[in-house]
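I have placed the structure first, in the form of structure tokens, so that the comments after it can refer back to it.
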Amino acid sequence: MRRDDLAAIYHAYIACLNRQDWPSLGRFVHEEVAHNSRPLGLSGYRTMLEQDFRDIPDLRFDVAMLLSDPPRIAARLKFDCAPVGTFLGLAVNGKRVLFYENVFYEFADDKIRQVWSILDKTAIELQLEVS
Numbered sequence: 043m044r045r046d047d048l049a050a051i052y053h054a055y056i057a058c059l060n061r062q063d064w065p066s067l068g069r070f071v072h073e074e075v076a077h078n079s080r081p082l083g084l085s086g087y088r089t090m091l092e093q094d095f096r097d098i099p100d101l102r103f104d105v106a107m108l109l110s111d112p113p114r115i116a117a118r119l120k121f122d123c124a125p126v127g128t129f130l131g132l133a134v135n136g137k138r139v140l141f142y143e144n145v146f147y148e149f150a151d152d153k154i155r156q157v158w159s160i161l162d163k164t165a166i167e168l169q170l171e172v173s
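Using my numbering, the first residue of the sequence shown is number 43, and each one after it goes up by one.
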């Protein structure tokens, strides 16, 4: 697969997430997907994402940086949102916070098979200290 083709699939995946188009998730995510080395399968991955949207009602995935090197993608995702209650063990309670996620994906059969993700929790902690 070419770099541009893989990047196009990834952008379509992000659009699917932002629409919360869960029935279409299987077009982009492998049945045997794993997240941070934890096997979830497609249904577990969907459950994780649905919970993310419950915890962060205004969640929107914005691609700030994208590198495509088939069969892998590296992305820096930007989030400007207001999580309800506790998020990452922090009492955010609806305060608007800006943070990033650095995430790597590995594709198999043109679908996301592995996801390795790190959220910038420190950025959120610093914003909560200022308020």
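Ideal Cβ placement from N, Cα and C applies to all residues, glycine included.
DSSP places M107 in the strand class (E or B) of the three-state scheme. Nearest to P113 by C-alpha distance, out of F149, A50, Q169 and A57, is F149. DSSP places P81 in the strand class (E or B) of the three-state scheme. In the three-state reduction of the DSSP assignment, L130 falls in the coil class. A distance below 9 Å separates the beta carbons of A49 and S110. Cβ neighbours of F121 within its own chain (closer than 6 Å, five residues either side excluded): F141. In its chain, beyond the 5 residues on either side, L91 and F103 have a beta carbon closer than 7 Å to the beta carbon of L59.
By the neighbour-count definition (other C-beta atoms within 10 Å, threshold 16), L168 is an exposed residue. In this structure, the alpha-carbon of F70 lies about 17 Å from that of L108. Straight through space, the alpha carbons of M43 and E143 are spaced by roughly 25 Å. The beta carbons of V105 and Y147 sit no closer together than 9 Å.
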